[in-house]
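With positions in the sequence shown counted from 1, the corresponding number in this note's numbering is that position plus 10. Glycine included, C-beta positions come from ideal geometry on N, C-alpha and C. Just below is one structure, and these are the notes that go with it.
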Amino acid sequence: MSKINCTVAVIYYSSTGNVAALADALGEGAAATGADVRVRAVTELAPPEAIAYNPKWAEFVEKNAAKPIATLDDLAWADAIAIGSPTRFGGPASQMKAFLDTTGGLWAKGVLVDKVGTAFTSSSTAHGGLESTILAINNHFYHWGSLVLPLGYENQHLLKVSGNPYGASFVSRSGASPDEVALTAARMQGERLARVTGWLRAGKEAQA
């Protein structure tokens, strides 16, 4: 595969590390094509006492305190945007929603129009809102005027093993970390995001 010329921002929120692992895998998939990739977490907004109540949450926050935080500049920079969040009652976490709610200025200027968007998620139960969370995230792409890219079923791994055409997802039963099935799906999603975005960018440049 020839090097793909595009920029990809992977923006995520993770409390215990599951969505962070999916975000890293998706970024790896995009970077493997030659795309320029940024993986950024949104700001943690939960109060310290809530975080301290869950040892895995507290450990993850402490270990990732020095990692770069997502900004609106990351969205403006990117040709493609992948957004990931754990499910919270069938929708994205409030931390992610708070970040997305700050994008009004970019929306008003048309900065996000024609960018390619995709979403991914994790839940603690099989019917805990995987699809509805991805669809809720996609609502932002619709309002931005972005192009929504699903994961689909183009690969046998996605058709027969991971099985979620909406986006990479993982069911974390008993606090389990993402398995190779989910991580492979995320890498495939990143590769597809970069590949399709590269086609779109090449078409734009050819018309310029």
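- G177 has its alpha-carbon roughly 15 Å from the corresponding atom of G100.
- Between L161 and A204, the C-beta spacing is not below 8 Å.
- Taking T135 as reference, the option from P96, N149, L157 and G120 with the minimal CA-CA separation is P96.
- Contact between A92 and F130 holds, since their C-beta atoms are separated by about 7 Å, short of 8 Å.
- One thing to note: I79 has its Cβ no nearer than 8 Å to the Cβ of T112.
- Closest option to P102, judged by alpha-carbon separation, among A212, Q166 and N148: N148.
- For T17, the enclosing beta strand (DSSP E) has its first and last residue at T17 to Y22.
- Taking C-alpha positions only, S156 is separated from V191 by approximately 28 Å.
- DSSP, read as helix, strand or coil, puts A204 in helix.
- Put simply, of D189, G127 and Y22 the residue whose alpha carbon is nearest the alpha carbon of G94 is Y22.
- In the structure shown, the three-state DSSP call for D46 is strand.
- Cβ atoms of S132 and S182 come within 8 Å of each other, at about 6 Å.
- With respect to the 8 Å criterion, R197 and L36 are classified as neighbours on the basis of their beta carbons.
- The beta-carbon separation of A40 and V18, rounded to 4 Å, stays under the 8 Å limit for a contact.
- Less than 8 Å separates the beta-carbon of P188 from that of A31.
- Under DSSP, A136 takes part in no beta bridge, so it has no partner.
- Taken through DSSP and simplified to helix, strand or coil, G101 comes out as strand.
- Relative to the Cα of R50, the nearest Cα in the group A42, F180 and V29 belongs to V29.
- Around the beta-carbon of K214, fewer than 16 other beta-carbon atoms lie within 10 Å, marking it exposed.
- Secondary structure of L55 (DSSP, three-state): coil.
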